[in-house]
Structures are given as C-alpha cells and as structure tokens.
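Going letter by letter, the sequence shown gives residues 6 to 213 in the numbering used here.
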Amino acid sequence: MRGSLIVVAFFVAGCLTGWILDTYDIRIEDDPTRYILYFLMLQVGLGVGSDKHIMQILKTVRLQLLLVPVATIIGTLLFSTLAAFCISQWSIYDCLAVASGFAYYSLSSVMITDLKSVSLGVQSAAELGTIALITNIIREMMALLGAPLLVRFFGPLAPICAGGATTMDTTLPVITKYSGKDYVFIAVLHGILVDLTVPFAVSLFCAL
C-alpha cells in the first residue's frame with residue numbers, strides 16, 4: 006500500500022513539473038521516455054535473471070499451475086475488449102494495450118506513451134499512457150486492499166489473478182496472509198510469467 010502511494014505521489018509530482026515546464030515554455034529537446042523505457046526493460050531482465058529461485062521453480066512446475074496465469078491474461082483481455090465497446094475515444098487495441106500492463110504500471114505506461122506517439126500523436130499517446138498508469142495502479146491497489154474480500158467470495162486464487170504481474174513482489178505479502186502459504190509458489194510463478202508477458206503484449210497491441 007505504501008509503495009503504491011509513493012508511486013501516486015511521484016505521478017502527481019510529474020504532472021506538476023510538466024505543468025510548470027509548459028507554463029514557462031521550457032522545452033526538453035530529447036524525449037526522455039525512450040531511455041526510461043530502455044532502463045525499465047533492463048530492470049525486468051536483471052530482476053528475472055538474478056532470481057536464484059526461478060530455475061528451481063520452473064523445474065517443479067506442474068502443467069495445471071500454468072492455467073492460473075493463462076486465466077489472468079485471457080480474463081483481463083476479454084473484459085477489456087468488452088469495456089472497449091463502451092469507450093468511443095479509444096480503439097479496442099488501445100484498451101487492450103492498457104490492459105496488457107497487468108498492474109505493471111511503470112513499464113506499460115512508458116511503453117504505450119513511446120510506441121503510440123507515432124500513430125496517435127504525442128499528446129494522445131501521453132494521455133493513453135497516463136490512463137495505463139492510473140488503471141494499473143488501481144488494479145494493484147484493488148488487489149492489496151481487496152484481498153480478504155476476494156478470498157472470501159471467489160476463493161484463494163482470486164487475489165493472485167487480480168494482482169497480475171505484481172504477485173511476485175508487492176502483492177505477495179497480502180496473498181500469503183489471506184490465501185495462505187500454500188499459494189506462495191503459485192503466486193511467484195504467476196507473477197514471473199505475467200511479468201514476462203507485459204512487454205510483448207503491450208508491443209503487440211500498440212502495433213495493431
């Protein structure tokens with residue numbers, strides 16, 4: 006919860022900084038988002054590659070466990086497609102790109118802003134990137150705050166699916182607390198696989 010509030014604070018600070026720069030007509034010659042994107046991709050690779058438990062986890066994977074991240078991905082994209090019919094401003098593919106963040110707000114928002122700037126224009130791409138940031142932050146906070154209710158009404162796997170890519174880090178403590186220690190392994194595996202899906206899915210839907 007604290008981490009999400011820090012992210013929101015940085016987002017607000019960024020908005021204020023952008024407003025000040027625009028007010029005083031200060032221009033940054035080179036777009037920094039591309040370099041931020043490169044750094045985030047490097048960070049993903051370092052995080053996965055340096056995790057000593059990944060190979061151990063992969064060796065003990067049962068085929069049935071893969072259904073959990075598959076259900077998360079398919080369910081997210083399916084309901085995002087349905088939601089897109091209620092939104093006239095953005096296309097189905099734009100909505101799917103936002104949903105493909107799977108709560109990984111930092112990476113997905115930067116990727117969308119960068120990749121959609123050519124087709125939508127810088128302003129609209131920034132708006133869509135902001136929507137991706139807010140949407141995926143809300144998803145993480147819903148998983149953090151709603152874990153007890155999700156377990157009560159939908160079962161112990163519900164917080165894992167709701168947490169998306171965050172179940173290997175930020176939402177893991179609440180999943181452990183409310184779903185039980187038996188679901189820690191599933192949560193970590195789920196987080197790794199969904200995390201790896203984000204850059205490919207976002208890139209795909211941004212290109213369509």
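Every residue, glycine too, gets a C-beta built ideally from N, C-alpha and C.
> Is it true that the CB of I41 sits closer than 8 Å to the CB of V199?
Replying inline: In this structure, I41 does not lie closer than 8 Å to V199 by Cβ.
> Hey, would you say I197 sits closer than 8 Å to Y188, going by beta carbons?
Replying inline: Taking 8 Å as the Cβ cut-off, I197 and Y188 do not qualify as a contacting pair.
> What are the start and end residues of each continuous beta strand (DSSP E) run of 3 or more residues lying completely inside the stretch 171 to 196, in chain order?
Replying inline: Positions of the beta strand (DSSP E) runs, each at least 3 residues long and wholly inside the stretch 171 to 196, cannot be given because no such run exists.
>> Taking 8 Å as the cut-off, does the stretch 80 to 91 touch the stretch 109 to 118 (at least 3 CB pairs, one atom from each stretch)?
In response: Between the stretch 109 to 118 and the stretch 80 to 91, the count of C-beta pairs closer than 8 Å stays below three; the two stretches do not touch.
>> Within the continuous alpha helix (DSSP H) that includes A131, where are the two ends?
In response: Taken as a continuous stretch (DSSP letters only), the alpha helix (DSSP H) holding A131 covers V127 to F159.
> In or out: G168 buried (at least 16 other Cβ within 10 Å) or exposed?
Replying inline: Around the beta-carbon of G168, 16 or more other beta-carbon atoms lie within 10 Å, marking it buried.
>> With distance defined between alpha-carbon atoms, name the residue in R157, S105 and I191 nearest to Y183.
In response: Nearest in C-alpha terms to Y183, of all of R157, S105 and I191, is R157.
> Can the beta-carbon of A148 be found closer than 8 Å to that of P161?
Replying inline: No, Cβ-Cβ distance for A148 and P161 is not below 8 Å.
>> According to DSSP, simplified to helix, strand and coil, what is I3?
In response: No information on residue 3 is available, as it lies outside the stretch 6 to 213 that the chain covers here.
> Got a sec? Which residues, its chain only, sit under 7 Å from D99 by beta carbon, not counting five neighbours each side?
Replying inline: Cβ neighbours of D99 beyond the five flanking positions: L133.
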